[in-house]
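First residue of the sequence shown? That's 1 in the UniProt record's numbering, and the numbers climb one at a time after it.
Beta carbons: idealized from backbone N, C-alpha and C, even for Gly.
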Amino acid sequence: MTQSSSLAERKPEPQAICNPITRSAIFIVATLAPGAAAAQTLRDWCADVAALTRSVGKRVPGGNLSCVCGFGSEAWDRLFGGPRPASLHPFMEVGVEGRRAPSTPGDLLLHIRAEQMDLCFELATQLLKPLGQAVTVVDEVQGFRYFDMRSMVGFVDGTENPEGREAVDFTLIGDEDPSFCNGSYVLVQKYLHNMTAWNQLTVEAQERIIGRTKLSDIELDESVKPSCSHSSLTTLEENGEEVKILRDNMPFGRPGAGEFGTYFIGYARSPRPVEQMLENMFVGRPAGNYDRLLDFSTAVTGGLFFVPSADLLEQLAERAPTGQ
Numbered sequence: 001m002t003q004s005s006s007l008a009e010r011k012p013e014p015q016a017i018c019n020p021i022t023r024s025a026i027f028i029v030a031t032l033a034p035g036a037a038a039a040q041t042l043r044d045w046c047a048d049v050a051a052l053t054r055s056v057g058k059r060v061p062g063g064n065l066s067c068v069c070g071f072g073s074e075a076w077d078r079l080f081g082g083p084r085p086a087s088l089h090p091f092m093e094v095g096v097e098g099r100r101a102p103s104t105p106g107d108l109l110l111h112i113r114a115e116q117m118d119l120c121f122e123l124a125t126q127l128l129k130p131l132g133q134a135v136t137v138v139d140e141v142q143g144f145r146y147f148d149m150r151s152m153v154g155f156v157d158g159t160e161n162p163e164g165r166e167a168v169d170f171t172l173i174g175d176e177d178p179s180f181c182n183g184s185y186v187l188v189q190k191y192l193h194n195m196t197a198w199n200q201l202t203v204e205a206q207e208r209i210i211g212r213t214k215l216s217d218i219e220l221d222e223s224v225k226p227s228c229s230h231s232s233l234t235t236l237e238e239n240g241e242e243v244k245i246l247r248d249n250m251p252f253g254r255p256g257a258g259e260f261g262t263y264f265i266g267y268a269r270s271p272r273p274v275e276q277m278l279e280n281m282f283v284g285r286p287a288g289n290y291d292r293l294l295d296f297s298t299a300v301t302g303g304l305f306f307v308p309s310a311d312l313l314e315q316l317a318e319r320a321p322t323g324q
């Protein structure tokens with residue numbers, strides 16, 4: 001095999017989707033300004049993301065700094081034209097009256113992770129600076145690890161995350177969409193919790209809602225775990241096999257403002273599993289048998305993004321739609 005043919009067959013390098021969960025994260029969602037100049041600015045920026053991340057990361061060796069960039073459906077067409085990722089579409093609102101997962105504006109997603117917040121903060125600053133007025137940040141959340149990876153409601157989060165080869169298989173696109181190999185889809189939501197009401201429940205009542213024990217993080221036996229528990233409704237099977245997503249949720253909050261939340265972020269090789277989980281949670285499986293955690297948690301944002309491979313992200317700088 002010649003060197004040229006070997007390089008031609010090399011699969012693109014993915015972005016840092018499967019990196020280990022860190023102690024700190026910043027989630028940024030931005031919208032793209034009108035006009036060709038704004039689109040060109042964002043395209044040019046795509047070529048510099050990896051270099052900026054490396055430069056900032058060198059300041060703290062071992063800080064595990066990374067950044068994942070994703071693009072919304074409408075922005076993809078405006079920025080890059082065709083071909084487009086096979087399953088990329090706008091996030092559609094899910095739910096029923098009084099219990100909804102809203103769809104909110106978002107063209108660009110930045111998921112920045114590190115062991116310490118100063119690294120995340122510096123990279124966010126350096127990434128946003130060259131974009132200038134080309135984008136408007138519509139949501140920014142600083143997340144933190146809460147003790148032993150507890151969610152804001154006190155239970156361990158991400159217990160069932162796939163690891164190693166399994167994580168790759170569940171999150172990265174393969175031969176089903178070869179033009180976008182080693183890309184991924186990511187769905188993000190910001191949830192706010194009514195901690196006053198939640199803390200009035202007994203631990204046993206909380207465990208029935210989550211479907212796991214609070215202290216030891218053991219899944220409740222099927223004979224006692226309610227079908228409306230969070231664990232039950234977010235477990236998916238296809239042809240007898242469990243289908244998983246990769247979560248990197250982070251708590252966030254402002255105690256002085258009474259704000260206590262969870263930033264949900266789920267990666268998968270297709271949007272379908274995450275969307276099905278939300279359908280189960282907000283509508284119910286069957287309809288009406290909804291996730292009782294939603295009696296205490298309200299989704300206030302929601303968006304679906306495509307995450308190109310790291311190689312494709314750099315190449316997108318040169319890929320304007322026809323006519324631009």
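Reduced DSSP category for residue i - H, G, I as helix; E, B as strand; rest coil
i           : result
M250        : strand
L52         : helix
V168        : helix
H230        : helix
L109        : strand
A101        : strand
I210        : helix
D157        : coil
R319        : coil
Q142        : strand
L201        : coil
K129        : helix
A8          : Low confidence applies here, because A8 scores a pLDDT of 48, under 50, leaving its location unreliable; read the following figure in that light. It is helical.
L119        : helix
S179        : helix
Q15         : coil
L42         : helix
F91         : coil
F147        : coil
residue 347 : Residue 347 lies beyond the stretch modelled for the chain, which goes from 1 to 324, so this question has no answer here.
L187        : strand
A86         : coil
S66         : strand
Sequence-distant residues of its chain with Cβ nearer than 7 angstroms to residue i (five each side left out)
i    : result
V68  : Q15, A16, I17, H111 and V307
M92  : S103
E160 : K244
Q126 : L52 and V56
T298 : Y191 and L192
Neighbourhood of residue i by C-beta distance below 8 angstroms, restricted to the same chain and skipping five residues each side
i   : result
E13 : N182, S309, A310 and D311
Same chain, Cβ closer than 6 angstroms to residue i, five either side skipped, listed in chain order
i    : result
N194 : F296
G72  : G106, D107 and F305
V60  : L119
N249 : D157, T262 and F264
Nearest candidate by alpha-carbon position, reference residue i, set the options
i    : options                  : result
A36  : A75, K11, A47 and A25    : A75
L278 : A50, L32, V29 and S103   : S103
T136 : F170, G256, G284 and I28 : I28
R23  : G98, S151, D48 and T41   : S151
E166 : R285, V300 and K244      : K244
L313 : P34, G98 and S179        : S179
E222 : F80, A33 and R208        : R208
Per the contact definition of three or more C-beta pairs closer than 8 angstroms, is the stretch 185 to 200 in contact with the stretch 313 to 321? no
How about the stretch 63 to 72 and the stretch 112 to 124: do they share at least three Cβ pairs that are nearer than 8 angstroms? yes
For a minimum of 4 consecutive residues, which ranges assigned as the alpha helix (DSSP H) are wholly contained in the stretch 249 to 296? 272 to 282
Would you say the stretch 256 to 274 touches the stretch 122 to 137, given that touching needs at least three Cβ pairs under 8 angstroms? no
Taking 8 angstroms as the cut-off, does the stretch 259 to 270 touch the stretch 199 to 208 (at least 3 CB pairs, one atom from each stretch)? no
Is the stretch 229 to 240 touching the stretch 34 to 54, taking contact as three or more C-beta pairs under 8 angstroms? no
Are there three or more Cβ pairs, one per stretch, closer than 8 angstroms when the stretch 216 to 234 is compared with the stretch 283 to 290? yes
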